[in-house]
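Enquirer: Got a structure for you, questions after.
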């Protein structure tokens, strides 16, 4: 399925400035693997020992994948996967 991954501003330097990266995938995991294949330098920013970093939130059409099937969440043609880094401060 053709989906797009929305890249947040802090990670765009790793995708050549692209805001959206199109990928072909049927799950979030496949989509992120495709993203890393296209832009290997983004991998360490998203993953640590094969697991998504805890400060990276992932949404499929505005739904947090933590409340779906996590990385195995299915994606359909035309859907959007948003990468949202957690923001902390005081």
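Numbering (our numbering), first residue to last: 40 to 129.
Just so you know, even glycine gets a beta-carbon here, dropped at the ideal spot from N, CA and C.
According to DSSP, is residue 79 helix, strand or coil?
Expert: Position 40 of the chain shown, counting from 1, holds the residue named residue 79. Looking at residue 79 - three-state DSSP - the assignment turns out to be helix.
Enquirer: Answer yes or no: do residue 57 and residue 95 have a C-beta to C-beta separation smaller than 8 Å?
Expert: Counting from one through the chain shown, the residue named residue 57 turns up at place 18. Counting from one through the chain shown, the residue named residue 95 turns up at place 56. Going by C-beta atoms, residue 57 is not nearer than 8 Å to residue 95.
Enquirer: If you draw a straight line from the alpha carbon of residue 106 to that of residue 55, how long is it in whole angstroms?
Expert: The count along the chain shown starts at 1 and reaches residue 106 at position 67. The count along the chain shown starts at 1 and reaches residue 55 at position 16. Whole-angstrom Cα-Cα distance: 31 Å.
Enquirer: Please list, in chain order, all residues of the same chain as residue 60 whose beta carbon is under 8 Å from its beta carbon, the five residues on each side excluded.
Expert: Within the chain shown, residue 60 is the residue found at index 21, counting from 1. Result list for residue 60: 43, 44, 46, 54, 74, 77 and 78, in chain order.
Enquirer: Report yes if the CB atom of residue 90 is closer than 8 Å to the CB atom of residue 50, and no otherwise.
Expert: What you label residue 90 is simply residue 51 of the chain shown in a count that begins at 1. What you label residue 50 is simply residue 11 of the chain shown in a count that begins at 1. Their beta carbons are not under 8 Å apart, which means residue 90 does not touch residue 50 by this criterion.
Enquirer: Do residue 114 and residue 67 have their C-beta atoms within less than 8 Å of each other?
Expert: Mapped onto the chain shown, residue 114 falls at position 75. Mapped onto the chain shown, residue 67 falls at position 28. Contact flag set, yes.
Enquirer: Within 10 Å of its beta-carbon, does residue 41 have 16 or more other beta-carbons around it, so buried, or fewer, so exposed?
Expert: Counted from its first residue, the chain shown places residue 41 at position 2. Label assigned to residue 41: exposed.
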